[in-house]
Amino acid sequence: MKLLFALPGFHRYDRGAEVALLSVADAIARGGDSVTVMGSGEARPGAAYRFRSISSIRRERFEHFPTFPPLRSETAWEDASFVPGLLAAYSPKDYDAVVTCSFPFTHWALRRPAPSKPLQIFVTQNGDWPAYASNSEYRSFSCDGLVCTNPDYLERNSVRWNCALIPNGVDLARFSPGAAERARFGLPEGRPIVLMVSAFIPTKRVLDGIRAVAQLGDAYLVVAGDGPLRGDGEALAAELLPGRFRRLSLAAADMPALYRSADVFLHMSLLESFGNVFIEAWASGLPVIGHDTERLRWILGAELQMLCDTEDPAALLGMLRAGLARGAVRTGKAQGIERYSWPVIAGQYRDFIARLLADRASVR
């Protein structure tokens, strides 16, 4: 198969959507298919796919821009700036299928009219509202295949779209239990460390995490992430966690060691499309604390059940104490994590796209 993966953040950011789709692209390419990736970063050595850099304006430049449909956020502005270069580089006849999770501008560009049009595969990494909403720009959404990253999305969209339930995965060669490397990150020895890996945006509720950890006495909070609320978070931490807080922005290569350097993992989002960070922390041997939802129970299964109502301060504090008491696993392999290995997940993507191509060929 000849596949194209397109997203403005590819090779520029190492956040959930970028990590997930690049991992799928790389694993499919290693299986022998022809895979091209277009994004705004620079080529990286060792990737099995071909990479083409497309210029765009970084999303941080748009944090204070006005928002309105369809430019609803700084990432939508970034997406719009990516499209001119994408249109110049993209030749529909060169691909059997194109894959993105970016809506609306990259989605529109990949669907441009052409005599030979590849399959349009949309992945619900950032939510499924383009697939089911009927207002404003969402009315223009269309796809040949919808990858649903959780059962809720599958149930909501399976009547309208050709869907597959495929979770995200984790690189088990990189994320595994092991010895802490706190000195590498300037973190204190001999103190319990709570780790959050999260963007500083309202839905991630990092500020609520700061307030919760402040109640834990000598616990030290590390937040790996960036975003528009970074200043608010640092100010609140200076007030509530003096000497007990560190914000880091790390390369993807450093993240496994950071997970291993913590004692417990905390994620405060009320609902995630999937949440790569949950299984990265799980694979690294950390107790995983998150908001109690059916979706997160499906992701973690019976292996890890340290979930609570994170909007209840008392319940959250109790779960944090229980997580710190349990502590991290430092040796062996996390039980049950093998089902989320990237080769397994990429195989599900490939099977889904191959089936759609076969269905298309059968009706011609």
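Counting in the working numbering, the sequence shown runs from 793 upward without gaps.
Virtual Cβ for every residue (Gly too), placed ideally from N, Cα, C.
What number of angstroms, rounded off, separates the C-alpha of residue i from the C-alpha of residue j?
i, j, result
"L964", "G1077", "12 Å"
"D1101", "R948", "24 Å"
"E1064", "G808", "11 Å"
"L957", "M793", "21 Å"
"S826", "R1113", "49 Å"
"I1108", "W921", "Residue identity differs from the one stated: residue 1108 is Leu in this sequence, not Ile. Distance between the alpha carbons of L1108 and W921 is about 29 Å."
"A1027", "R1038", "12 Å"
"A795", "E1031", "According to the sequence provided, residue 795 is Leu. The question's Ala does not apply to it. Each residue's Cα considered, the two are about 50 Å apart."
"V1014", "R851", "24 Å"
"T828", "P1020", "32 Å"
"L1088", "Y805", "25 Å"
"S928", "A835", "36 Å"
"G1124", "P1034", "35 Å"
If you compare alpha carbons, which of the options is closest to residue i?
i, options, result
"P969", "A1126, P800, A1138", "A1126"
"A1054", "S1061, I1071, P1079", "P1079"
"P800", "D920, A868, L1028", "A868"
"R1036", "R1003, P1020, S1061, L1042", "R1003"
"L878", "I846, P858, R850", "I846"
"R1052", "A835, R974, E870, S926", "R974"
"S1133", "D818, H803, Y805", "D818"
"P943", "Y930, G1110, T1085", "T1085"
"S1041", "Y1012, V989, G1067, C955", "V989"
"R967", "A1045, A1006, C935, G1023", "The sequence shown places Phe at residue 967, rather than the Arg named in the question. Of A1045, A1006, C935, G1023, the residue nearest in Cα terms is A1045."
"I1081", "L1058, W1090, E1103", "L1058"
"A1043", "D1018, S1061, P1034", "D1018"
"P905", "I913, S883, G919", "S883"
"S815", "A1153, L1148, P1135", "P1135"
Report, in whole angstroms, the separation of the C-beta atoms of residue i and residue j, which I expect to be a contact under 8 Å.
i, j, result
"I1137", "P959", "7 Å"
"I1145", "I1071", "Between I1071 and I1145 the Cβ distance is about 23 Å, and since that is not below 8 Å, they are no contact."
"T916", "C935", "With a Cβ gap of about 10 Å, T916 and C935 do not count as contacting."
Which residues does DSSP list as the beta-bridge partners of residue i?
i, result
"G831", "S845"
"V1015", "M988, R1039"
"S1154", "The partner list for S1154 (beta bridge, DSSP) is empty, contrary to what the question assumes."
"L1099", "G1082"
At 3 residues or longer, what runs of the beta strand (DSSP E) sit wholly inside the region 914 to 999? 937 to 940, 955 to 957, 985 to 989
**Asked** Where are the beta strand (DSSP E) runs, 3 residues long or more, that stay fully inside the region 849 to 915, in chain order?
**Response** 889 to 892, 911 to 915
**Asked** Which residue spans inside the region 1024 to 1092 form an unbroken alpha helix (DSSP H) run of at least 4?
**Response** 1047 to 1052, 1068 to 1075, 1086 to 1092
Taking only runs of the beta strand (DSSP E) that begin and end inside the region 795 to 834, which ones reach a length of at least 3 residues, in chain order? 826 to 831
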